[in-house]
Amino acid sequence: MAKRGGFPGGMPGNMTNLMKQAQRMQRQMEEKTKELEEKQYTAAAGGGAVTVTVSGKKEVVSVKISPEAVDPDDVEMLEDMIVAAANEAFHQMEEASSAVMAELTGGLGGLGGLSF
C-alpha cells in the first residue's frame, strides 16, 4: 500500500524531473521563438519583378518593385505579384517555425493537439 500523500514507486522524484524537463523545454522554446522573430524571409514573384521580405513577427518589412513591373494598364498583375511574394515569404517563415518547434518537441505531435 502506498504511503499517505505519496506515490508508489518513487513518483515524486520522477515528477520533479518531469517538471525540470518541462521548464527547460519552455526556456528553449522561448529562446527559439525570439530567434525566429528576429529572422527575415524574402520571396519573389513575377521572375523577381516583386520581392517581399517579412519578419518572424509576421510583419511585412519591405516590398521591392522593379520598374518594369509597373504597368499602369495592368495594376492587377502587380497586385497579384505582391500578394504571391508575400504569401510565399510568410510560408517560408511558417515552415522555419514549424521545423524548429518539431525539433524542440521531438515530434510529440503538438502535445496532444496543442500547437506552438
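Each residue of the sequence shown is one higher than the one before, starting from 1 at the first, in full-length UniProt numbering. Here a beta-carbon is modelled for each residue, glycine too, at the ideal position from N, C-alpha and C. As the structure is a computational prediction, the values presented were derived from the model and not from experiment.
- Kindly indicate the opening and closing residues of the alpha helix (DSSP H) around residue 89. Numbered from its first residue, the sequence shown carries residue 89 at position 89. First-last of the alpha helix (DSSP H) with residue 89: 75-105.
- For the putative contact between residue 61 and residue 55, defined by C-beta atoms under 8 Å, what is the C-beta separation to the nearest angstrom? Position 61 of the sequence shown, counted from the first residue, corresponds to residue 61. Position 55 of the sequence shown, counted from the first residue, corresponds to residue 55. About 5 Å separates the two Cβ atoms, so the contact holds.
- Euclidean distance between Cα positions of residue 14 and residue 36: Locating residue 14 in the sequence shown gives position 14, counting from the first residue. Locating residue 36 in the sequence shown gives position 36, counting from the first residue. Computed Cα separation, rounded: 32 Å.
- Item | Strand pairing of residue 42, partner residues [DSSP] | To locate residue 42, count along the sequence shown from 1; it is residue 42. Beta-bridge pairing links residue 42 to 53.
- Query: Terminal residues of the continuous beta strand (DSSP E) containing residue 62?
  - Reply: Here residue 62 refers to the residue found at position 62 of the sequence shown. 60-65 is the span of the beta strand (DSSP E), which, as asked, contains residue 62.
- Is residue 48 helix, strand or coil when you go by DSSP? For the purposes of this step, residue 48 is taken as the residue at position 48 of the sequence shown. Reduced to three states, the DSSP call for residue 48 is coil.
- Query: Nearest to residue 49 by alpha carbon, out of 67, 41, 42, 32?
  - Reply: The sequence position of residue 49 within the sequence shown is 49, counting from 1. Cα-wise, what sits closest to residue 49 is 67.
- Distance CB(residue 45)-CB(residue 96) smaller than 9 Å: In the sequence shown, counting from the first residue as 1, residue 45 sits at position 45. In the sequence shown, counting from the first residue as 1, residue 96 sits at position 96. No, the Cβ-Cβ distance between residue 45 and residue 96 is not below 9 Å.
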